[in-house]
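These notes concern the structure reproduced below.
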Amino acid sequence: MENKEKIINAYASGNEINRAAEAGTYGMEFINTKKILKGYIARDKRVLEIGCGGGYYGMYFAASCQEYTGVDLSPANIQVFKELIKEKGYDNVKAEVGDATDLCSIEDNSFDVVLCLGPMYHLNPEGRSKCMAECERICKPGGTVAIAFINKAGVIAKFAPVFGWDKILTSKIDDYVLTQGIDDINPDIFFYTMPEEMIAESMKAGLTYERLAGLDFLLSDDVIANLSEEQRKVWFHLSDLIVASEYCTGLANHAMLICRKQ
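Here the sequence shown stands for residues 774 to 1035, numbered as in the numbering used here.
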């Protein structure tokens, strides 16, 4: 991973665990990620989360699986996760530092469910291919691989209402975000793709495509929080419809690809 040190520095504060809390009660990325993954995680499953951050999903799913292992590039994130494991007293959860593109310490065919819920945000095309191959290698035959990614179009759809279309429809964003798939402010840290590209990468790695789902569409978390009760009810109905529609996935900011290993 060419940008390894930059990624480690970006997460040096260990505050990634707070991102869900900062999103509030209506953080759709987190709500929909948990809702989708519940269908794949069970008490008899060994789960590996690559890019586990400070252990948000590990803490959420710890009691729902046989074993939960979190791996993250950031030592600061892993320290936070280990402290949570100790605090909660989970003996089926562990955390370790590791590189999503080279997980040589983990054996082949060793986990029923492999979650990759962050690394693809920070990997260039070569890195994405390596990470996808590692997910396939580690997953047991018949197991599930879930990969989160950020859409090029979804980034535009998210930030245009915030900053204004005049600030978003620029030649720089056209070149960086839409053409190169890199962030216009932090081009060495954040990378963007589209659903079709992710499906192609998964197939190249030998995985079988199962489904796509967008996770957060249209409204920011704070806007949802300020809706009336009636409006929020309608919003969640709309959200459920577009999350379930694979044709809408490309317009979500965060999205998830679910694959099966044969």
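Just so it is clear, CB atoms sit at the ideal spot from N, CA and C, and this is done for glycine as well.
The region 987-999 and the region 866-882 do not touch, with fewer than three beta-carbon pairs separated by less than 8 angstroms.
Looking from the CA of residue 968, the closest CA among 960, 954 and 962 belongs to 954. Per DSSP, the unbroken alpha helix (DSSP H) holding residue 935 starts and ends at 925-936. Counting only runs of 3 or more residues that sit fully inside the region 823-875, the beta strand (DSSP E) segments are 840-845 and 866-870, in chain order.
Under the three-state reduction of DSSP output, residue 963 falls in the coil class, being neither helix nor strand.
Taking one beta carbon from each stretch, the region 999-1008 and the region 932-950 have fewer than 3 pairs nearer than 8 angstroms; the two do not touch. The secondary-structure analysis by DSSP pairs residue 1029 across a beta bridge with 921 and 986.
Counted as a single uninterrupted DSSP element, the stretch harbouring residue 1021 is not any beta strand (DSSP E), since DSSP gives it neither H nor E. A distance below 6 angstroms between beta-carbons, with the five flanking residues on each side excluded, links residue 956 to the following residues of its chain, in chain order: 963.
In the pairwise beta carbon analysis, the region 847-858 is classified as not touching the region 880-893: fewer than three pairs are separated by under 8 angstroms. Inclusion of residue 831 and residue 789 in the CB contact set at 7 angstroms is not warranted, their separation being larger than that value.
Residue environment analysis places residue 816 among the exposed positions, since fewer than 16 neighbouring C-beta atoms fall within 10 angstroms of its C-beta.
In this structure, DSSP gives residue 891 a state outside helix and strand, which the three-state scheme calls coil. Contact between residue 965 and residue 1032 does not hold, since the beta-carbon distance rounds to 20 angstroms and is not under 8 angstroms. Annotation: the continuous alpha helix (DSSP H) that includes residue 995 extends over 994-998. C-alpha of residue 1034 to C-alpha of residue 939: approximately 44 angstroms in a straight line.
In the assembly as shown, residue 989 is a buried residue. Its beta-carbon has 16 or more other beta-carbons within 10 Å. With a beta-carbon spacing of about 15 angstroms, residue 975 and residue 890 fall beyond the 8 angstroms limit used to define contacts.
One thing to note: residue 912 has its Cβ within 7 angstroms of the Cβ of residue 887. The three-state secondary structure of residue 806, taken from DSSP, is helix. Bounds of the alpha helix (DSSP H) holding residue 904 are 898-911.
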